[in-house]
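Right, one structure below, let's go through it.
In this note's numbering, the protein residues as written are 5 to 74.
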């Protein structure tokens, strides 16, 4: 399996980790959060995205390969 940009046992991912998975800029991930396209929480002032929410987004965007990895 390829090296993953996140801990495979983590329940939540950071904006930077999500950006690396989708190969996009972290700013795009924050835009998705602001637009309500991606659910996230902000404990301690830093966004965290649940793997389940990320998997749903990947599936909705037709990225089954990524959804399977999550």
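Glycine included, every Cβ here is placed at the ideal spot set by N, Cα and C. Everything numeric in this text was worked out from a predicted model, so none of it was measured.
Neighbourhood of residue i by C-beta distance below 6 Å, restricted to the same chain and skipping five residues each side
i, result
"residue 33", "19, 22, 23"
"residue 52", "16, 45"
"residue 57", "43"
Coarse secondary structure for residue i, derived from DSSP in three states
i, result
"residue 44", "coil"
Segment limits, beta strand (DSSP E) that includes residue i
i, result
"residue 54", "52-54"
Limits of the alpha helix (DSSP H) - the one that residue i falls within
i, result
"residue 37", "30-39"
"residue 14", "No alpha helix (DSSP H) contains residue 14, which DSSP labels as neither H nor E."
8 Å Cβ shell around residue i - same chain, five flanking residues per side excluded
i, result
"residue 11", "none"
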